[in-house]
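Terminal number for the sequence shown in the numbering used here: 466, no gaps in between.
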Amino acid sequence: MIKDRNLHYQDLTTIKQFQEQRLRETLSYVSEHSKFYKRVFQERGINIDEIKTLEDLTLLPTTSKQDLQLYNNDFLCADSVDVIDYVTTSGTLGNPVTFALTENDLQRLAYNEASSFTIAGCTKNDVMQLMTTIDRRFMAGLAYFMGARELGCGIVRVGNGIPELQWDTINRVNSTTCMVVPSFLMKMIEFAENNGIDYNNSRLKRAICIGEALRTPDGELTTLGKRINEKWPSLELYSTYASTEMQTSFTECNAHAGGHIPADLILVELLDENDQPVEDGESGEVTITTIGVEAMPLVRFKTGDICIRTSKPCKCGRNSPRLSSVIGRKGQMIKFKGTTIYPPILFDILDNIPEVENYVVEVFTNALGTDQIQIRVGSNNHSDAFVKQIKDIFRSKVRVAPDIKFESSELIARLQMPPMSRKVVKFFDLRSNI
């Protein structure tokens, strides 16, 4: 594949010309090698020679998560003997999907993550501590390891959890950067405070955060981000957004104004409910076409994630468009008492209530056939006054109040880590009509 890490710094016309050439190559490739796309193009009477510009993408049908679940094997473009790694999606919105990667795909993955780390300011002089799993069919953990190798920095694979081991490692090898789920940083802080560790004077100065919202769509730190920043101001927090299907990541630079789209690896559209592109500054569903993927490329794949794009130049000097943090997942949208809500706003409210130790949010279909929200809260305070306080906070923020049920913090912690899960789960969709 043709890669150009400096494409970020080119003008938008040059970036567009590069992407249109890669688009034509991608369509030619999938029409020849993908059973799924070959069938779809034939059934729809699509002549790929007519697709020449990014604007022409609207002439092509979108690809859904259901397509991947129903026709998983039909997306494979490579001979099975050339596949050397298998991973699965997390299955957040349905059954997990298997993705195969060739040697070329792994090299692309390494290049992608090295580019991502570079955007966040990492160099070969850093020592990166991986506080994420690399097993359980998890693409991201492997990508981080390979990206750090590509960049040439030091790597220490600690895995998730165990604050004591994390701090011992930081002190042993002088780690400067970590890949981490941001809520775990609060556990790191708690352990440090309980054990006399001066964490603000540690060598760890950069955290690249995954899995949880660190910033709001307008770029402000979330409640969780603010709590970390207040406690650990010497640690600079960076957001990164990715998915198994995209095999690509979008990472903040030090301007913290959205994740830069790696224009040499992926095409990104933001679509409305009618699959039409939205304008800059408007929210839309992130829809991607991969560039340079050999085993399982995707064309106009709808991720389910709702974001906002901006194309104005960044203060860092890059001209590549950027994506906001994820507003929510389309499949997780809740219509509660006439109000549209996405789980991240509920999480942010709960993270800002000191006596809430942990929680899970459940949405189900009530007797009237409409959405109902129940929040199961782990807390030492089970009083009616605290229930009223929580509900009043929700009414002030989102105009409606969910049901509150108290549980032990230990039970909530177990609910957050279901068997086979690779990450903390705070949202359970129990609706009967999804």
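By construction, the Cβ of each residue, glycine as well, lies at the ideal position given by its N, Cα and C atoms.
Here the structure is a predicted model, which means the values were calculated and not measured.
When DSSP states are grouped into helix, strand and coil, M171 belongs to the helix group.
Only residues of its own chain outside the window of five on either side were considered, and among them T254, S357 and P376 have a CB closer than 6 Å to the CB of A245, listed in chain order. Within the same chain, C109 come within 7 Å of H65 by CB-CB distance, once the 5 residues on both sides are set aside. Look at G324 here: in three-state DSSP terms it is coil, with no helix or strand label.
By the beta-carbon neighbour count (other beta carbons within 10 angstroms, threshold 16), T155 is exposed. Restricting attention to E439, D461 and N306, the CA atom closest to the CA of K367 is found in D461. Linking K97 to T276 through their CA atoms gives a straight-line distance of about 12 Å.
R37 sits in a helix when the DSSP states are folded into three classes. For Q308, no alpha helix (DSSP H) segment is defined, and its DSSP state is neither H nor E. The closest CA to that of P450, considering only D403, Q406 and V392, is found on V392.
Annotation: M163 to E145 spans about 16 Å, alpha carbon to alpha carbon. A distance below 7 Å separates the beta carbons of T319 and L303. The C-alpha of Q404 is placed about 6 Å away from the C-alpha of N398. Taking C-alpha positions only, E389 is separated from A445 by approximately 10 Å. If you draw a straight line from the Cα of A289 to the Cα of I338, it is about 17 Å long. By the Cβ rule, the stretch 232–245 does not count as touching the stretch 305–323, because fewer than three pairs are nearer than 8 Å. Contact between I407 and I385 is absent: CB atoms are separated by about 11 Å, not below the 8 Å threshold. Excluding its 5 nearest sequence neighbours in each direction, S266 has C-beta neighbours in its own chain below 7 Å: N232 and K237, listed in chain order. Contact annotation: D106 and F68 have beta-carbon atoms nearer than 7 Å.
Burial of K455 is indicated by the presence of at least 16 other C-beta atoms within 10 angstroms of its C-beta. At a Cβ-Cβ threshold of 7 Å, I80 and L102 do not count as neighbours. Under the 10 Å beta carbon count, Q51 is surrounded by 16 or more other beta carbons and is classified as buried. For A274, there is no enclosing alpha helix (DSSP H); the enclosing beta strand (DSSP E) has its first and last residue at E268 to S275. Across the set C210, R169 and E182, the C-alpha of C210 shows the shortest separation from the C-alpha of R189. When beta bridges are read from the DSSP output, E317 appears opposite L303 and I338.
For G257, the uninterrupted alpha helix (DSSP H) segment begins and ends at T255 to K263. Ranked by Cα distance from M171, the options H414, Q42 and M278 are led by M278. Around the C-beta of H414, fewer than 16 other C-beta atoms lie within 10 Å, and the residue is accordingly described as exposed. Only buried fits Y176, as 16 or more other CB atoms lie within 10 angstroms of its CB.
Contact between T321 and L55 holds: their C-beta atoms lie close to 7 Å from each other, under 8 Å.
In the assembly as shown, T134 is a buried residue. Its beta-carbon has 16 or more other beta-carbons within 10 Å. DSSP places V213 in the coil class of the three-state scheme, outside both helix and strand. Judged by DSSP in its simplified three-state form, T283 adopts strand. When the alpha-carbon of A433 is set against those of H40, R350 and G370, the nearest one is in G370. A straight line joining the alpha-carbon of V115 with that of F426 spans about 49 Å.
Here the alpha carbon of F216 sits roughly 48 Å from the alpha carbon of R76.
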